[in-house]
Amino acid sequence: MPAMPTPEKSPTPPTTASAWIEQWSHLVAQGGAVLDVASGNGRHARYFALREHPVLALDRDETALASLAAVQHVTTRCADLENASWPLREDEKFAAVVVTNYLHRPLFPYLFDALAPGGVLLYETFAVGNERFGKPSNPDFLLTPGELLEAVRGRLRVIAYQDGFINVPRASCVQRIAAAAPSRPTPTGLTERNNGSDPVRYVLQG
Numbered sequence: 001m002p003a004m005p006t007p008e009k010s011p012t013p014p015t016t017a018s019a020w021i022e023q024w025s026h027l028v029a030q031g032g033a034v035l036d037v038a039s040g041n042g043r044h045a046r047y048f049a050l051r052e053h054p055v056l057a058l059d060r061d062e063t064a065l066a067s068l069a070a071v072q073h074v075t076t077r078c079a080d081l082e083n084a085s086w087p088l089r090e091d092e093k094f095a096a097v098v099v100t101n102y103l104h105r106p107l108f109p110y111l112f113d114a115l116a117p118g119g120v121l122l123y124e125t126f127a128v129g130n131e132r133f134g135k136p137s138n139p140d141f142l143l144t145p146g147e148l149l150e151a152v153r154g155r156l157r158v159i160a161y162q163d164g165f166i167n168v169p170r171a172s173c174v175q176r177i178a179a180a181a182p183s184r185p186t187p188t189g190l191t192e193r194n195n196g197s198d199p200v201r202y203v204l205q206g
């Protein structure tokens, strides 16, 4: 079995919600459950909980999860996402799966499977080029050009995608995507919402 890449020490994590997550949070069904993967200090768990979404925060850091213990609408689950089995049951589905500043490629299929019909994946993390600005610089933790698009191909509908440079909260190269799971299957294998006469139209912002 190949050795796992050694995690790199990252700068102090941000405490406010990512602008990308905020921009596309309106896609999450009102009151829908949110899965915050590698939740860290819980900035996105808190963001969605404040908007009355039930949130399940997953992380291996018990101390970080303990800081969420008193936050209404948030449930925590301590899990090693890289060296243990996937910690969710097959019947645990979410209106949104949120991942930021974290990359472990073998998890992609599990993230997609955790989406309820019509659920939204909101993903943002570092990309190739970030090594010019600091950590992470290990290619194992940097998305290659178009990688998120390829990862969701055939599984999710892409609503928005960016791959480039940002300078807030710090200079970084990032890749980010907002993509939705099919609403429901039809006899022809296509997907539809409402009466199926028109394709789903999402409200775009920004």
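Per UniProt numbering, the sequence shown starts with residue 1, numbered consecutively. From the three backbone atoms N, C-alpha and C, an ideal C-beta is built for every residue, glycine too. From a predicted model like this one, the values you see are computed outputs, not experimental measurements.
Out of curiosity, what's the CA-to-CA distance linking ALA45 and ASN83? Residue 45 sits at position 45 when you count from the first residue of the sequence shown. Residue 83 sits at position 83 when you count from the first residue of the sequence shown. Straight-line Cα distance between these residues: approximately 23 Å.
How would you write the range of the alpha helix (DSSP H) that ASP80 sits in, first residue to last? Numbered from its first residue, the sequence shown carries residue 80 at position 80. Here ASP80 belongs to no alpha helix (DSSP H), and DSSP marks it neither H nor E.
Distance, GLU22 Cα to ARG43 Cα: Residue mapping note: residue 43 aligns to position 43 of the sequence shown, counting from 1. Residue mapping note: residue 22 aligns to position 22 of the sequence shown, counting from 1. Roughly 11 Å between the two C-alpha positions.
Per DSSP, what kind of secondary structure is PRO145 in: helix, strand or coil? In the sequence shown, counting from the first residue as 1, residue 145 sits at position 145. Note: PRO145 maps to coil in three-state DSSP.
CA-to-CA distance, LEU107 to THR29, given in whole angstroms: Taking the first residue of the sequence shown as position 1, residue 29 is located at position 29. Taking the first residue of the sequence shown as position 1, residue 107 is located at position 107. For the record, residue 29 in the displayed sequence is Ala; it is not Thr. C-alpha separation (whole angstroms): 23 Å.
Going straight from the alpha carbon of GLY40 to that of TYR102, what length do you get? Here residue 40 corresponds to residue number 40 of the sequence shown, with the count starting at 1. Here residue 102 corresponds to residue number 102 of the sequence shown, with the count starting at 1. If I take the Cα positions, the gap works out to 10 Å.
Nonlocal neighbours in the same chain, by C-beta distance under 7 Å from GLN72, ignoring five residues either side: One-based indexing of the sequence shown puts residue 72 at position 72. Only ALA49 meet the Cβ criterion.
Just verifying my parser: in three-state terms, what is the DSSP assignment at ASP91? Taking the first residue of the sequence shown as position 1, residue 91 is located at position 91. Coil.
Quick one, which of TRP20, ALA96, ARG105 and ASP113 has its alpha-carbon nearest LEU81's? Position 81 of the sequence shown, counted from the first residue, corresponds to residue 81. Comparing Cα positions, the closest option is ARG105.
Determine the direct distance from the alpha carbon of CYS173 to that of PHE126, and round the result to whole angstroms. Here residue 126 corresponds to residue number 126 of the sequence shown, with the count starting at 1. Here residue 173 corresponds to residue number 173 of the sequence shown, with the count starting at 1. Their Cα atoms are separated by approximately 6 Å.
Distance check for ASN130 and ALA137, CA to CA, integer angstroms please. The residue labelled residue 137 in the question sits at position 137 within the sequence shown. The residue labelled residue 130 in the question sits at position 130 within the sequence shown. The amino acid occupying residue 137 in the given sequence is Ser; Ala does not appear at that position. For SER137 and ASN130, the distance between alpha carbons rounds to 6 Å.
Given a cut-off of 9 Å, decide if TRP24 and VAL120 are closer than it, judged by their beta-carbon atoms. Sequence index remark: in the sequence shown, residue 120 carries index 120 (1-based). Sequence index remark: in the sequence shown, residue 24 carries index 24 (1-based). Contact flag set, yes.
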